[in-house]
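The opening residue of the sequence shown carries number 308 in the working numbering; numbering runs sequentially from there. Ideal Cβ positions, reconstructed from N, Cα and C, are used throughout, including at glycine. Nothing here was measured: the structure is a model prediction, and the numbers come from that model.
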Amino acid sequence: MSAKLDLISFKLCPFVQRAVIVLKKKNIDFDITYIDLNNPPEWFKELSPLGQVPVLKVGNDVL
308 MSAKLDLISF KLCPFVQRAV IVLKKKNIDF DITYIDLNNP PEWFKELSPL GQVPVLKVGN
368 DVL
């Protein structure tokens, strides 16, 4: 079984838009979570201490 992919970003990020295009073209199942970068949730700060997006979670690993 392959690991679950979860993209985390804000809606207008061009980098996450490119990642979404590639994942859809390759028919790879993924979830996407949009956050407000002006008021990021605590769990996001733990994943991305510098507050940069996009973040890709593969199972329990963060890229």
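Next on the checklist: With a threshold of 8 Å on Cβ separation, who are the neighbours of D338 within its own chain once the five nearest residues in sequence on each side are excluded?
Outcome noted: Locating residue 338 in the sequence shown gives position 31, counting from the first residue. Taken in chain order, the residues that qualify are K311, L312, D313 and L314.
Checklist entry - What is the DSSP secondary structure of I328, reduced to helix, strand or coil? => result Numbered from 1 along the sequence shown, position 21 holds the residue referred to as residue 328. Here I328 sits in helix by DSSP.
Next on the checklist: Would G358 and L344 be called neighbours here (beta carbons separated by less than 8 Å)?
Outcome noted: The residue given as residue 358 occupies position 51 in the sequence shown. The residue given as residue 344 occupies position 37 in the sequence shown. The answer is yes: Cβ separation under 8 Å.
Checklist entry - DSSP state of K364, grouped into three classes? => result Your numbering for residue 364 matches position 57 in the sequence shown. Three-state DSSP puts K364 in a strand.
Checklist entry - Do you know how far the Cα of I335 is from the Cα of A326? => result Counting from 1 along the sequence shown, the entry for residue 326 is found at position 19. Counting from 1 along the sequence shown, the entry for residue 335 is found at position 28. If you take the alpha carbons of A326 and I335, they lie about 11 Å apart.
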